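A.B. asks: Please see the structure below; I have some questions.
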Ligand SMILES: Cc1cc2nc3c(=O)[nH]c(=O)nc-3n(C[C@H](O)[C@H](O)[C@H](O)COP(=O)(O)OP(=O)(O)OC[C@H]3O[C@@H](n4cnc5c(N)ncnc54)[C@H](O)[C@@H]3O)c2cc1C
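Numbering (my numbering), first residue to last: 25 to 169.
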């Protein structure tokens, strides 16, 4: 991607026990395709990591790369190892026909007593969406919906 949206959080600002005194921990998320893409993550991962650092420095995180003392890089290969289909931790992509009402329903077809909750079902990915799906599942079980 030429201009990706990125996520940077600094958990140690809220929880000082995460790092030694005077240090900070950063979490940096850059988008990737799933493993359907013809990408060798063992080769591309470290290159993408360098590109991530460069992008952060260009956007104001001065000397970010040189300041790193400990780092851990996660790629879609790692997500796959953890059991996630095609190395995609966000479940089905949020393309139009996989979003909201088009996402798989939270009732299992052919069964009355199986209800799904979570990011793979309606309405979609993200903590707020998943909480809504949990509420929908509870309402289904209680016969309110
Ligand atoms: C890197 C990353 C960053 C994110 N950032 C944000 C963010 O900033 N804001 C936001 O709103 N959302 C964010 N999300 C999305 C959000 O985390 C997910 O949409 C949400 O956690 C999905 O909830 P879930 O309950 O469907 O699945 P999960 O939270 O993945 O929970 C599923 C649970 O089931 C367990 N499990 C799996 N298989 C089995 C089994 N066979 N038996 C027993 N247990 C099992 C797993 O261990 C896991 O604990 C992010 C996701 C990722 C991957």
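Ideal placement from N, C-alpha and C gives every residue a C-beta, glycine not left out. Values in this document were obtained by computation on a predicted structure and should not be read as measured data.
For residue 50, which three-state DSSP category applies?
C.D. replies: By one-based count along the chain shown, residue 50 stands at place 26. Note: residue 50 maps to coil in three-state DSSP.
A.B. asks: Hey, which unbroken runs of the beta strand (DSSP E) at 3 residues or more fall wholly within the segment 59-141?
C.D. replies: Segments of the beta strand (DSSP E) lying fully in the segment 59-141: there are none.
A.B. asks: Over what stretch of residues does the alpha helix (DSSP H) that includes residue 151 continue unbroken?
C.D. replies: Taking the first residue of the chain shown as 1, we reach residue 151 at position 127. Counting along the chain, the alpha helix (DSSP H) containing residue 151 begins and ends at 151-165.
A.B. asks: Taking buried to mean at least 16 other C-beta atoms within 10 Å of its own C-beta, is residue 127 buried or exposed?
C.D. replies: Translated into positions along the chain shown, residue 127 becomes position 103. Answer is buried; the Cβ neighbour count reaches 16.
A.B. asks: Quick one: give me the first and last residue of the beta strand (DSSP E) that residue 32 is part of.
C.D. replies: By one-based count along the chain shown, residue 32 stands at place 8. First-last of the beta strand (DSSP E) with residue 32: 31-33.
A.B. asks: Between the segment 100-112 and the segment 123-140, can you find at least three pairs of beta-carbon atoms closer than 8 Å?
C.D. replies: Short answer: they don't touch.
A.B. asks: Pop quiz: residue 149 and residue 118 are said to be a contact at Cβ under 8 Å. What is the actual Cβ separation, rounded to whole angstroms?
C.D. replies: Position 125 of the chain shown, counted from the first residue, corresponds to residue 149. Position 94 of the chain shown, counted from the first residue, corresponds to residue 118. Contact holds; Cβ gap of about 6 Å.
A.B. asks: Return the chain-ordered list of same chain residues with a C-beta closer than 7 Å to the C-beta of residue 8, the five sequence neighbours on each side being excluded.
C.D. replies: This structure cannot settle anything about residue 8, because the visible part of the chain is limited to 25 through 169.
A.B. asks: Using the Cβ count rule (16 or more neighbours within 10 Å means buried), how would you classify residue 157?
C.D. replies: As a first step, residue 157 is located in the chain shown; it is residue number 133 there, counting from the start. So residue 157 ends up on the buried side.
A.B. asks: How close, in whole Å, do the beta carbons of residue 152 and residue 124 come, if the pair is a contact with beta carbons under 8 Å?
C.D. replies: As a first step, residue 152 is located in the chain shown; it is residue number 128 there, counting from the start. As a first step, residue 124 is located in the chain shown; it is residue number 100 there, counting from the start. Rounded, the Cβ-Cβ distance is 13 Å, inconsistent with contact.
A.B. asks: Considering Cα atoms alone, identify which of 49, 138, 144 and 143 is closest to residue 164.
C.D. replies: Stepping through the chain shown from its first residue, residue 164 is reached at position 140. Of the candidates 49, 138, 144 and 143, the one whose C-alpha sits nearest the C-alpha of residue 164 is 138.
A.B. asks: Buried or exposed for residue 88, going by 16 or more other Cβ atoms inside 10 Å?
C.D. replies: Mapped onto the chain shown, residue 88 falls at position 64. With 16 or more Cβ atoms within 10 Å of its Cβ, residue 88 is classed as buried.
A.B. asks: If we ignore side chains and look at the alpha-carbon of each, how far apart do residue 50 and residue 41 end up?
C.D. replies: Numbered from 1 along the chain shown, position 26 holds the residue referred to as residue 50. Numbered from 1 along the chain shown, position 17 holds the residue referred to as residue 41. Cα to Cα, the separation comes out at about 14 Å.
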